[in-house]
Ligand code: NAD
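Residue numbers (the working numbering): 8 to 504.
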């Protein structure tokens, strides 16, 4: 059976007596590989190597780092098919979904390969007589990334390309459920000319995360995952004096106004609620229809389109979405559907008994739609992270906006309307990090930053784009004068009294 180890100092790294985790093919529910789970010692080995590599890498010029990253981007493009196969095999999503997510990662590498302009400081001339002032953005040192199972290529690529372009070195701890993609990305990094030790991968679970949170070499931690773990990582990391950005879970609403185009809106719901089996932190999981008439129109088109969806393995090109990633998550999603029924929500489409010939042990859940969902229900309050859509109805736009604002999670939200006034009001007043106007999955492009509000993000920085550069650099301000020995100190520096 294939065994996945770690990647430290430019090469595979393995210890014979390590703890082992199992990797499954979610379409058939069978183990296909095993992964070594790092101990504290292995994490230390990785961070010490990264710390050594930092001495040289941080002194390379930003332009030379940019050039290497540009080669790295080309290599990822060249290896797109292989990477997509790795992602789909261990995650379960369709090849088209895997390629789409890798493409979003490539765009971050592209952004990082133009880092020189983002690292430019500010300069003020003559802040005093013969005195200038300027700012520098300097790298932090060793940065760590801890990532979830749902985007094994894209989420790591939100982090390390920007971190290393800024002159840091990196230790990535990917999800133990689908770790192979991270190893392939690290191998390609070496092939592109990124020096050994700059990008390391340690595989593991809580033990590895805790070791990173305590490790003295680690200066900053980027985390993406569920809200309880994001909060834990943020609190523990900051207590240990590390800079932390920790992105958590989501419950993304789509507000549908009476004037919305029903055909386009229902297409958007289908793609955003069920695509990738709902295992996206930007999936729409709540459709809020303003007015009963809106609800009736949306409901009937949505049910027609839902019936036509193909659920199946990634190896079948006709599949619109695949299985859930792992057994415990599959069981949790089924339990949420049971709970929704018990809470009194009406099931319009029930994906619980979905069966596919030849894939009877796969973790498939069909598209599921609840109607009459209420704010006090568990299925509304909590993130389900599966192909399960809750439909709600309000009498007014204000009530719909209140729902969005009162939910404790604030990753993304969308409004579907033809009204510029409503769109502007929603954009300005929704307490949400990423807004879509007639766009169901408003993931910011790489040169903007990705991050939610409320309990969807702990810390002050979003990922990639300008916030990514701020997170991975320290600001320094220099005040400078040059005085000829014989000229005398004829200058003044403003002094705060
Ligand atoms: P998770 O929180 O279970 O795991 C994330 C990472 O934390 C993994 O690397 C895992 O090994 C580690 N981890 C798990 N339990 C831990 C513990 N007790 N202590 C320390 N570390 C631990 O998340 P997941 O199930 O892999 O991913 C799904 C979640 O990620 C969903 O909630 C989803 O919304 C969220 N997510 C959020 C975003 C975002 O941008 N906000 C993006 C993608 C996924």
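Just so you know, even glycine gets a beta-carbon here, dropped at the ideal spot from N, CA and C.
*List in chain order: all unbroken alpha helix (DSSP H) runs of 4+ residues lying wholly within the region 368-421.*
For the region 368-421, the continuous alpha helix (DSSP H) assignments of 4+ residues that do not extend past its boundaries occur at 385-388 and 404-413, in sequence order.
*Cα separation between residue 55 and residue 224?*
Linking residue 55 to residue 224 through their CA atoms gives a straight-line distance of about 7 Å.
_Can you look up residue 146 in the DSSP assignment and give me helix, strand or coil?_
Residue 146 falls in the strand class under three-state DSSP.
*Is residue 277 near residue 305, with beta carbons less than 8 Å apart?*
no
_Tell me the rounded alpha-carbon separation between residue 178 and residue 172._
Just so you know, the alpha carbons of residue 178 and residue 172 end up roughly 14 Å apart.
*Can you say whether residue 183 is buried or exposed, counting buried as having 16 or more other CB atoms within 10 angstroms of its CB?*
buried
*Would you list the one or two residues that DSSP bridges to residue 167?*
DSSP lists no partner for residue 167.
_Give me the DSSP bridge partner(s) of residue 177._
150 and 206
*asked:* Could you compute how far the alpha carbon of residue 101 sits from the alpha carbon of residue 138?
replied: A direct Cα-to-Cα measurement between residue 101 and residue 138 gives close to 60 Å.
*Just to check, is the beta-carbon of residue 183 closer than 7 Å to a non-hydrogen atom of the ligand NAD?*
yes
*Can you list the alpha helix (DSSP H) stretches of 4 or more residues lying completely in the region 416-458, in chain order?*
427-436
*Counted within 10 angstroms of its Cβ, other Cβ atoms place residue 249 as buried (16 or more) or exposed*: buried
_Let me check understanding here. Comparing Cα to Cα, which of 187, 236, 150 and 240 lies closest to residue 3?_
The requested residue 3 does not occur in the structure, where the chain is confined to residues 8 to 504.
*In angstroms with no decimal places, state the Cα-to-Cα distance between residue 108 and residue 165.*
Distance between the alpha carbons of residue 108 and residue 165 is about 11 Å.
*Consider the C-beta atom of residue 155 and the heavy atoms of the ligand NAD; say whether any pair is separated by less than 7 Å.*
yes
*Roughly how many angstroms lie between the CA atoms of residue 52 and residue 207, to the nearest whole one?*
10 Å
_Helix, strand or coil at residue 472 [DSSP, three-state]_ = helix
*Any idea if residue 222 is buried or exposed, counting beta-carbon neighbours within 10 angstroms, 16 or more meaning buried?*
buried
*Can a CB atom of chain D be found closer than 8 Å to the CB of residue 205?*
Chain labels in this structure do not include chain D; a single protein chain is all it has.
*Looking at the structure shown, is residue 61 part of a helix, part of a strand, or coil, going by DSSP?*
helix
*The alpha helix (DSSP H) spanning residue 347 covers which residue range?*
334-350
*Extent of the continuous alpha helix (DSSP H) to which residue 300 belongs*: 299-314
*The alpha helix (DSSP H) with residue 18 in it runs from where to where?*
Residue 18 -> not in any alpha helix (DSSP H); beta strand (DSSP E) instead, spanning 18-20.
*Since I believe residue 394 is in contact with residue 328 (beta carbons under 8 Å), could you give me their beta-carbon distance rounded to a whole number of angstroms?*
7 Å
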